Amino acid sequence: EADLDRIAVFAPDGTAVPAQFRALEEWREAGQEPGSIKWLLVTFLADVPAGERATYRLRPGANPAPDAPAEPVDGLGPFRLHLTNPDGEEFTDADVAGVDREVVETGPVRSCVKLESPSSHETFGFIAWVYTYAGLDRTDLTVVLKNTPNERLGPFYFRDFSVAVQADGREYLLGGEPGSTVSGRLGDEPVYLYQASCGTEQWEEFGGGNYRDALVMDWSQDKEIAKAGVCSFRGWRAKSGEGRLAEGHYALGWGGLRGEGGRTAVLFTRHFRENYPSAVEVAPGRVISRLLPTYYTGYEGLHWLDDSTRKRFDLSLQHHADLESERADGLAEAFNKPLVAHPGLEWLRATGIFGDMHGARVAADVQVKDWPHNYGGGSRFPVHANWVTFGGTTIDRIRRRYHDLSMNSFLRSGDPWAVYQLMIRTYHTSSLTPLWLDDYQHPRDRLNVRHYLGLARGAGEYREGTRHRGWRTGNLAHFDCQELFDAWRLFGDPLALDAVHDVGSYSQNYVLYRKEGGGTIAGTRSDGHPMSNLGEAHRVTGRRDFLESLSEMSEVAWNQVDKERGFYGVMPRWEGGQDNHDKPFMMAQVMRGLREYWKLTHCRRTLDLILGMHDFIQFDAMPRHPDDGSTYAHTYIVKLDLSAEELRESLAQTARQQEEERPNSPRPALIRETMWAYEQTGERRHWDDLNRMMPAIYRADGRNRQRFAWLAAWLEERADEEPEPPPAITDLEAEALGDGRVRLTWTTPENAADIHVKHAERPMVERAWPDQVETHVNWWAAEHVAGVPEPAEPGERASMVVEGLEPGRRVFSARAFSPERVRAPLGAMAEVDVR
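Numbering-wise, the numbering used here comes out as the position in the sequence shown, counting from 1, plus 587.
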């Protein structure tokens, strides 16, 4: 627990530097001290030469004040927003009504003002955050153009959306490719640099199988509308009137105006080239970033935002004396790739701040990769085949199915490249809102299942020659957005926080739908992702209603799962067939969501549910060689209509095939669940299965050796462990007291830190299916008893009274856990007739 008034940041020379602190998240896991800070945003000024490293230290001390503290701006400060409608009328932010102003940060190192207006088709709607800094002639802007009204208005059309700043001087500079600055002296007309396309050979492609730089994802058979949006040329061109000054493939996209005495005002736009079509313009007295520019010729020069959509841009206005073009290029690259600092990998491990690292080995000298100017077939960013393009920009790609990039890679390696990847993904998911409405309020707005991941309102009426710009609901079940939560933790990104509240509210709506008996959307993970999102949203925001909804969803999961066998049971058919089945790797998504609830509450029944689902995976989905029991992988599906003997033969046949052919690698999600099961129980069967998987991994390709290096490290670190379980409880006694009450008595075993008690209508075993399913009950699926007292001293008798039982036969069982979470074997059962 930190006293923010008594900590300071110390430079490499040992002097304290001005800093400001903001608690972004508290520890909310069960067993943690309430109110203690988990994520702390530290803002301070540092000047680190390119390619070098500096160590600043956070420790108790006096925080000095800067000579010139940052002051919040009035309104938008130096920025002016301009929008031109389809009829050629121009509106500015001064024409927008109902703008609310909030001071988010008051300095002293950085100040931030937030302004937000309602959505309006009469002018336009926006959200803006304006940042100023102590001692720097710099003002940053994050601006969001939005079309998120309470009622459906349809697409919002316009011809230009720009941010302009005032500047003096006649000498202009336009940033093309690094080292290709276009400069000269202004005449009476403006000069501009226009990035028309991605700059690659795919610049005129649309849809198709290569989504890297396709202009727009067109899902229709008729491509004529998409062709209307094809870019006018490849890359960028700088022009003065009709005269062409220069051209190239991609541009940094900064613009400057140099005044008397060499003082230059420079306007930078983050990811300028990736946000094509975009332009930077210098005119007498102004520098303009045309974010959605008037120079665009596709769709007859129209831009539009679909209903329930918003679009984000980041800009920086800086003033420098005697600014050379090479220095300006460096500032633009620095704005694209902000400096990333973290408290060190060993500290992260020691504090347990990120509990899913599994002790991964980290190279002593992390090689920081440069951000490539050209990647693969053209995009500057690594892409995935599932990405689709929205509105003709490469930055607006969303992995429609699995866009859950986390900080895990960064925390394991310290490589800033991993943070840039997360930042890129967040730039999209916190900006666009086809997945969530920023004006949705729970429970005022009740959505149905079709809206869980889709638009809450219809798309509205489109103009002739235009259509939905690339985005479709697509695969509704895959809704995971870990990057939003982690972007708030790493950067304090305010738009990510805004989206976190909306994601939580949408997930609450899904819980309501499932509680009221609604079927699932497309399988197991459609239940798992909302739980993960609710758990993370509760951690970030502290909203109790998110935790309550997560509790309700855990109840849905308990009711959903098959108590005899352990499968989740939501997949009546699969691709190309009619077989009744479940997909274990998708079950892992539910188990992950349930783990979020368990970590926040330590609910014992939730622990039992996860372990029971894992038993299904371990026994029904892991092919084992019939001779030595070797485990090679997890099967993609488990057919539920096979007999026990048919299932065993199917698994053995799969194991033989995997031995003869190229082995399949185990799925990471299922490996993590096996690791977690071992960590929670200490049972050797889980350890043995993890070790059996390693030969298959190393017989596969070299990529898998690297991919699963963390598992090898985890096994190596624990190779000498011999977890010792407490003895089984063998003398449990049950006495009926009447009125639905039963007294239980037992002798406390050695090394018992926790006692779990359960009851059922039949005796309990670890796994009943298939041989004992008619006569016994799975331990994990039996009724959990709350209020078990703390263990007595070893050898002493302990007792408790269980109340509220229905009359009839009940069988009780109790088992201990050691302080290291090693679970005792099942012991004696105690049968009683409840009266």
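Cβ atoms here follow ideal geometry from the backbone N, Cα and C, with glycine treated the same way. If you're wondering where the values come from, they're calculated on a predicted model, not measured in any experiment.
| Asked | Found |
| --- | --- |
| When the Cα of Ala610 is compared with those of Arg772, Glu692, Ala1315, Gly685, which residue comes out closest? | Glu692 |
| With three or more beta-carbon pairs closer than 8 Å as the criterion, would you say the stretch 831-840 touches the stretch 860-880? | yes |
| Would you mind working out which of Val1127, Ala606, Ser876 sits nearest Ala649, comparing C-alpha positions? | Ala606 |
| By the three-class DSSP mapping on this structure, what secondary structure does Ser1094 have? | helix |
| Of the choices Trp614, Thr602, Ile594, Ala595, whose alpha-carbon is the least far from that of Ala1124? | Trp614 |
| Using DSSP bridges, identify the partner residues of Ala833. | Ala825 |
| In the DSSP assignment, find the alpha helix (DSSP H) that holds His1116 and state where it starts and stops. | 1112-1128 |
| Use the C-beta contact count for Lys898: other C-beta atoms within 10 angstroms, 16 or more gives buried, fewer gives exposed. | buried |
| Report all residues from its chain with a CB closer than 6 Å to the CB of Gln905; omit the five preceding and five following residues, and keep chain order. | Arg725, Val853 |
| Would you list the residues sitting across from Ile714 in a DSSP beta bridge? | Glu703, Val731 |
| Who are Asp661's beta bridge partners in DSSP? | For Asp661, which the question treats as bridged, DSSP gives no partner whatsoever. |
| Our contact map puts Thr1241 next to Arg1410 with C-beta atoms below 8 Å; I'd like the distance itself, whole angstroms only. | Not a contact, Cβ separation roughly 30 Å. |
| How is Phe977 classed by DSSP in three states: helix, strand or coil? | Per-residue confidence for Phe977 stands at a pLDDT of 34, beneath the threshold of 50, marking its modelled position as unreliable; the derived number appears in the next sentence. Residue state, collapsed to three classes: strand. |
| Note down the Cα distance separating His1116 from Gln1176, rounded to an integer number of angstroms. | 7 Å |
| Helix, strand or coil: how does DSSP classify Arg772 here? | strand |
| Measure from the alpha carbon of His929 to the alpha carbon of each residue in Glu1048, Leu910, Asp1002, then state which is nearest. | Asp1002 |
| Using a Cβ-Cβ cutoff of less than 6 Å, which residues in the same chain neighbour Pro1081 once the five nearest sequence positions on both sides are dropped? | Trp716 |
| Can you list, in chain order, the residues of its chain with a C-beta nearer than 7 Å to that of Leu1257? Leave out the 5 residues immediately preceding and following it. | Pro1171, Phe1172, Ala1175, Ile1204, His1221 |
| Which whole-angstrom value describes the C-beta separation of Gly1199 and Trp1367, a residue pair presumed to lie in contact below a C-beta threshold of 8 Å? | 3 Å |
| For Lys1498, count neighbouring C-beta atoms within 10 Å of its own C-beta (all shown protein chains included) and say buried if the count is 16 or more, exposed if not. | Since the first and last residues shown for the chain are 588 and 1422, residue 1498 lies out of range. |
| Are there three or more Cβ pairs, one per stretch, closer than 8 Å when the stretch 1377-1394 is compared with the stretch 1326-1334? | yes |
| Going by other Cβ atoms of all chains shown within 10 Å of its Cβ, with 16 needed for buried, is His1189 buried or exposed? | exposed |
| With a CB to CB cut of under 6 Å and the five nearest residues on each side skipped, what residues in its chain are close to Asp1032? | With a pLDDT of only 48 at Asp1032, under the threshold of 50, the placement of this residue in the model should not be trusted; the figure read from the coordinates follows. Nothing meets the Cβ criterion. |
| What residue does the alpha helix (DSSP H) around Ser1138 start on, and which one ends it? | 1131-1147 |
| Give the DSSP-derived three-state secondary structure of Leu1413 in the structure shown. | coil |
| CA-CA distance, Tyr1093 and Leu668? | 31 Å |
| Could you work out which residue in Val1148, Gly1129, Asn1167, Ser1119 is closest to Tyr1184 when comparing CA atoms only? | Ser1119 |
| Going by alpha carbons, who is nearest to Leu1099 out of Tyr781, Ser1136, Val867? | Ser1136 |
| Starting from His1343, trace the beta strand (DSSP E) in both directions and tell me its first and last residue. | 1341-1347 |
| Have a look at Gly675, Trp823, Glu1070, Val752 and flag the residue whose alpha-carbon is nearest the alpha-carbon of Thr881. | Gly675 |
| For Tyr886, which residues in the same chain have their Cβ closer than 7 Å to its Cβ, ignoring the five residues on either side in sequence? | Ala815, Gly816, Gly1052, Thr1053 |
| Count the other CB atoms, across all protein chains shown, that sit within 10 Å of the CB of Thr851; report buried if there are 16 or more and exposed otherwise. | buried |
| In whole angstroms, what is the alpha-carbon distance linking Pro705 and Gly712? | 6 Å |
| What three-state label does DSSP hand Met1387 in the structure shown? | strand |
| Tell me which residue opens and which closes the alpha helix (DSSP H) that Lys898 is part of. | Here Lys898 belongs to no alpha helix (DSSP H); instead the beta strand (DSSP E) covers 896-908. |
| Mapping DSSP to helix, strand and coil, what is Asp747? | strand |
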